[in-house]
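Chains as they are written, first to last, in our numbering: chain V, 1 to 297; chain A, 1001 to 1297. For each residue, glycine too, the CB sits at the ideal point set by N, CA and C.
Protein chains: 2
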Amino acid sequence: MKRSQLSFGDYIKNHQTNFNKFLMSSLKKKTDEQDEIIKAARYSLSAGGKRLRPLLAIATAEGLGKGFDDIKTFAVSLEMIHTYSLIHDDLPAMDNDVLRRGKPTCHVVFGEKVAFYAGLYLLESAFMTLIQNASNKNQREAALAIADAAGVNGMIGGQMADMSSTGSKPNTNAMRFIHTRKTGRLIAVSVHAVALWFGIDKNVHKILLKIGDKIGLAFQIVDDILDVEQTSRVLGKTTGKDSQQGKMTYPALFGIKESRVRVKRLYDEVERLLGTIEGFYFNRLFELSGYIINRIN
Amino acid sequence: MKRSQLSFGDYIKNHQTNFNKFLMSSLKKKTDEQDEIIKAARYSLSAGGKRLRPLLAIATAEGLGKGFDDIKTFAVSLEMIHTYSLIHDDLPAMDNDVLRRGKPTCHVVFGEKVAFYAGLYLLESAFMTLIQNASNKNQREAALAIADAAGVNGMIGGQMADMSSTGSKPNTNAMRFIHTRKTGRLIAVSVHAVALWFGIDKNVHKILLKIGDKIGLAFQIVDDILDVEQTSRVLGKTTGKDSQQGKMTYPALFGIKESRVRVKRLYDEVERLLGTIEGFYFNRLFELSGYIINRIN
């Protein structure tokens, strides 16, 4: 594959712009009655997310010799599921958060019930996108992997374990369980399910699965570190909540320094694993891993 | 089609038994960590529902010359979506109901957060069932119709309109809007999307769509009448709530007597429309319409 001439910053910006355009166009046109729900969903979708999951999917697709158009519906479903989970996690009955990406959370602006339904609307839109576009066996397998990552084996299971373990004595196994599921699985499918979607060789898929897991875990550790180190202004959400609430995090268990060492180790592993995939070049995916690890918000 | 020898009561009981067996087997085996969520979902799924939507789908399939095995995954997705909506509607942040089908609601037994996730788990399981089994274009079209009936054009939109109109002056248009969406669409797809699933002639589908709409509306009017007339003991849920909360219902707008007249009119319309479909015989579907209309809980 020819190495793109764009700087990484421009590469990301271009894809974010294209993706955002496509994302907003794939939402239903609102009618009067649906007004509030769709307005609320649009509000949260356009509240300045970095689109990490779609970017991972696009970069992986490019590594496999495909382009934006081949993976854009897959990418949209990821972002919808991610945003649905944020809206629901922030609800008063859940984490009761009032700030997200520097803006008031969905339920603060639209009320609890509308936010509740806006989340469900996004989840259902994600599934409708998948049903509509997964037209062959490979794509259905990829769609199932995404759905599974959002379910009890993934996000829901992790969220539940996170809540029930909050305040209890931290231990590595429980934390690992939570991390892998709460955010890890959805990030991992953003990488490896792309190979399923295109029906790529099972061995390549297996390596991308490992890579996705490592990027997912690194993402979560960095998230935990930022919660300790950053101000709310930079992060755009309430910080310091993890330790206040007694959540199981890497910094709580190993300290900041050791947490950083582990992130670096995961990054090196991603580089090594990418190098073992023959015939494909994942330079953008590797740059993206670096971006995820070095981000400050 | 040969007329089955079973009495209607035995016919229903047989299908309920077969369906329940298949439904429970299609839930994930629980692991320790997912325990609570899956236990809560199983609790609500097995809390004595009549399986009206699955029965409608099965009876329609039989009318089209197909059998239980051809439509069982479709039917499972309907019941999962229906049960998810009940669990979520009953939540403290929503209708805050404590009794359902004669048993304490999911959140009363398992707590608000577990019930919240159990509902999401069922919604996602429904979509996973659809993705896994909708393997051709016709089946994908049917799956999309189900998803649409659960979304802002259906259940979510109706629920939202119901809440925002509660307490305001009743009017026929608003009420019709709410009824059609809140329960009508999901009941209607239980009939007409079966024709999509099997790729049946578009004209037959069109008539089944009308029939499904009428059964859905009749179901909801009967529901409203029962809320006024029945005791909580018979109905298995808190009664009289509609009028207390100032909900828009047929009895509130037209009185009980006129509401019954309208139900009868819908029933006659179903009979007439079924008679216009050439080459297929929907005797069980017609009996089922009668059962839905004459039910006492």
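Q. Taking the C-alpha atoms as reference points, what is the distance between V:Gly49 and V:Lys13?
A. Approximately 12 Å between the Cα atoms of the pair.
**Q.** Whole-angstrom C-beta distance between V:Ile215 and V:Ile292, which should lie under 8 Å
**A.** Approximately 6 Å separates the beta-carbon atoms of V:Ile292 and V:Ile215; this is inside 8 Å, confirming the contact.
Q | Those residues which DSSP pairs with A:Pro1104 across a bridge | A | A:Leu1099
**Q.** Cβ-based neighbour list, A:Lys1247, same chain, cut-off 6 Å, excluding 5 preceding and 5 following
**A.** Thr1166
Q: Could you tell me if A:Asp1069 is buried or exposed, where buried requires 16 or more neighbouring beta carbons within 10 angstroms of its beta carbon?
A: It counts as exposed.
(Q) Within a Cβ cutoff of 6 Å, which residues of the same chain sit near A:Glu1036, ignoring the five residues on either side of it in sequence? (A) A distance below 6 Å between beta-carbons, with the five flanking residues on each side excluded, links A:Glu1036 to the following residues of its chain, in chain order: Val1114.
Q) What alpha helix (DSSP H) runs, 4 residues minimum, are completely inside the region 151–194 of chain V? A) For the region 151–194 of chain V, whole alpha helix (DSSP H) runs of length 4 or above, ordered along the chain, are 155–165, 172–179.
Q) Under 9 Å between C-beta atoms, does A:Ser1190 make it to chain V? A) A:Ser1190 does not count as touching chain V.
Q.
Residues in the same chain with beta-carbon distance under 6 Å from A:Asn1283, minus the five sequence neighbours each way, listed in chain order, please.
A. none
Q: Note down, in chain order, all residues in the region 118–149 of chain V with a beta-carbon under 8 Å from any beta-carbon belonging to chain A.
A: Leu120, Tyr121, Leu123, Glu124, Ser125, Phe127, Met128, Leu130, Ile131, Gln132, Ala134, Ser135, Lys137, Arg140, Ala143, Leu144, Ala147, Asp148
Q: Using a cut-off of 9 Å between C-beta atoms, extract the partners of A:Lys1182 located in chain V.
A: Correct list: empty, because the minimum Cβ distance to chain V is about 12 Å.
Q.
Check whether chain A comes within 9 Å of V:Ser289, counting only Cβ atoms and requiring the distance to be less than that.
A. No, no contact with chain A.
Q: Would you kindly work out how many angstroms separate the C-alpha atoms of A:Arg1100 and V:Val261, rounded to a whole number?
A: 53 Å
Q) So which residues on chain A does V:Phe116 lean against when the C-beta distance must stay under 7 Å? A) Ala1093
Q) Under a CB-based cut-off of 9 Å, is V:His88 close to chain A? A) For V:His88, the answer is yes, since a Cβ of chain A falls inside 9 Å of its Cβ.
Q: Compare the Cα-Cα distances from A:Ala1143 to each of V:Ala149, V:Asn153, V:Phe127 and report the closest residue.
A: V:Phe127
Q. Which value, in whole angstroms, describes the spacing of the CA atoms of A:Ser1007 and A:Leu1055?
A. Between the alpha carbons of A:Ser1007 and A:Leu1055 lies a gap of roughly 15 Å.
Q) What in chain A is Cβ-close to V:Glu79, meaning under 9 Å? A) Here the premise fails: no neighbours, minimum Cβ distance about 17 Å.
Q: Give the residues of chain V in contact with A:Met1163, contact being defined as C-beta atoms less than 8 Å apart.
A: Going along chain V in sequence order, the residues near A:Met1163 (Cβ under 8 Å) are Lys113.
Q) Using the rule of at least 16 other Cβ atoms within 10 Å of the residue's Cβ for burial, across every protein chain shown, is A:Tyr1011 buried or exposed? A) buried
Q. For V:Phe110, which option in V:Leu209, V:Ala59, V:Ser164, V:Ile38 has the closest C-alpha, if you only look at C-alpha atoms?
A. V:Ile38
Q. Quick one: is V:Val152 near chain A, going by C-beta distance under 9 Å?
A. By this cut-off, V:Val152 is an interface position.
Q) Just how far apart, CA to CA, sit A:Gly1158 and V:Gly240? A) 40 Å
Q. What three-state label does DSSP hand A:Tyr971 in the structure shown?
A. In the structure as shown, chain A starts at 1001 and stops at 1297, and residue 971 of chain A therefore has no counterpart that could be examined.
Q.
Could you give the first and the last residue of the continuous alpha helix (DSSP H) run that contains V:Met128?
A. 112–133
Q. Which residues mark the beginning and the end of the alpha helix (DSSP H) in which V:Pro54 is found?
A. Note, V:Pro54: alpha helix (DSSP H), 52–63.
Q: Starting from the Cα of V:Leu274, find the closest Cα among V:Trp197, V:Phe254, V:Val191 and give me that residue.
A: V:Val191
Q) Does A:Met1175 have its Cβ less than 9 Å from a Cβ in chain V? A) no
Q. Does A:Met1248 come within less than 9 Å of chain B when only Cβ atoms are used?
A. In the displayed structure, chain B is absent; the protein chains listed are V and A.
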